[in-house]
Amino acid sequence: MGELSVKRQEGRTEATASPIVNEAAPEANTKQPGDVNRMRRLRDRTLAGLRGPRSPRRPRLWFEILLIAVSYWLYSLVRNAVPEQKAAALANADWIWSAERFLGIAVERSVNHAVNSVTWLIVSMNYYYATLHFIVTIAVLIWLFRRHPGRYAAARLALFATTAAALAGYYLYPLAPPRLMNGSTFIDTVMVHQTWGSMASGNFKNMSNQYAAMPSMHIGWSLWCGLTVFALASAPWAKILGLLYPVVTLMVIVSTANHFWLDAVGGMACLAFGYAVSYAWYGALPHHLPRRIPPKDAGRARLSALSVHRAKAAVGRKAAVGRN
48 MGELSVKRQE GRTEATASPI VNEAAPEANT KQPGDVNRMR RLRDRTLAGL
98 RGPRSPRRPR LWFEILLIAV SYWLYSLVRN AVPEQKAAAL ANADWIWSAE
148 RFLGIAVERS VNHAVNSVTW LIVSMNYYYA TLHFIVTIAV LIWLFRRHPG
198 RYAAARLALF ATTAAALAGY YLYPLAPPRL MNGSTFIDTV MVHQTWGSMA
248 SGNFKNMSNQ YAAMPSMHIG WSLWCGLTVF ALASAPWAKI LGLLYPVVTL
298 MVIVSTANHF WLDAVGGMAC LAFGYAVSYA WYGALPHHLP RRIPPKDAGR
348 ARLSALSVHR AKAAVGRKAA VGRN
């Protein structure tokens, strides 16, 4: 009953599959074991492709140099393309200053005047503000690339996401720095001491958005550097320097009247967002990922072993069905 007879031209008969459906295993009626294996292999390759972006890959030097250069160019372009909303920026600065006075933390002006009275110290801070922001960040990226390649991509993603969040802040909340507030007695230390470097005052003021003080990326980047070094460095002195770097940077941005305390809070919030993005993509914070990336051959060997195991299991299931 389970077979039909079909007459061929030679007069012979041949058994063909019955159209009766196996209700206990309907998938067996349409898929042969070979088809099932092919579909499983296709599924494995698809899932591996989907997991690929979430697995740290070995960074390539030329690509990273190009990526960082283009990213910083775009960051500068977008930051400076944000309309300089002077009236709104000054109003927001007045509001921030009032909020800090209400909270009892409005001491930026006292710090600015006190440090400015020590010429060698404030001049050093001017150069610190203009240079170390870039030098230290690039140095930490190079160190990660060379010593922690498995963690580099996740840490870099956190930094890039932090910077992207800052760009949104510049657009949504224009803010004048303390030195540009109306009627304030803050000292623009670059102008007073004629030091080189700040893109926010002096000869470079027309090349940079003057009203992009919130959030402070000096804090966002320096805290990223400090936490990265603290989490991954093995030498105790390096860990200490990592923690000190954002603290000193905070003193510098306030002493030079480039930021309020609350700008630093904004920078920390952007960094928290950056780490959240990195965690969501890689499933772990950068310092929890493996230091080294396994060779590609090891991944292929594991995938090959998995395929062989599943093929044997499929053959075993086919044999069990035949016996039944």
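Here the sequence shown stands for residues 48 to 371, numbered as in this note's numbering. A virtual CB, placed ideally from N, CA and C, is assigned to each residue, including glycine. For clarity, every value in this text was computed on a predicted model and none was experimentally measured.
- Here DSSP, grouped into helix, strand and coil, assigns L121 to helix.
- DSSP, read as helix, strand or coil, puts L222 in strand.
- It is roughly 45 Å from the alpha-carbon of E147 to the alpha-carbon of R339.
- Counting the other Cβ atoms within 10 Å of the Cβ of T166 gives fewer than 16, which makes it exposed.
- The Cβ atoms of T275 and V170 do not sit closer than 8 Å to each other.
- DSSP places A186 inside the alpha helix (DSSP H), whose first and last residues are T166 to R194.
- Ranked by Cα distance from A260, the first of H306, M298 and Y175 is H306.
- For A213, the closest C-alpha among the options F110, V312, P337 and V158 is that of V312.
- When DSSP states are grouped into helix, strand and coil, A331 belongs to the coil group.
- The count of Cβ pairs closer than 8 Å, one atom from the region 292 to 303 and one from the region 154 to 165, reaches three, so the stretches are in contact.
- H180 and A186 have their C-alpha atoms roughly 10 Å apart.
- Apart from sequence neighbours up to five positions away, no residue of its chain approaches A331 with a beta-carbon distance below 6 Å.
- DSSP places A280 in the coil class of the three-state scheme, outside both helix and strand.
- Straight-line measurement puts the Cα of D310 at about 16 Å from the Cα of G151.
- Closest option to L291, judged by alpha-carbon separation, among L270, S281 and A278: L270.
- Listed in chain order, the non-local C-beta contacts of I266 below 6 Å within the same chain comprise A311 and G314, local neighbours out to five positions each way being set aside.
- Cβ atoms of Y326 and L336 stay farther apart than 8 Å, at about 11 Å.
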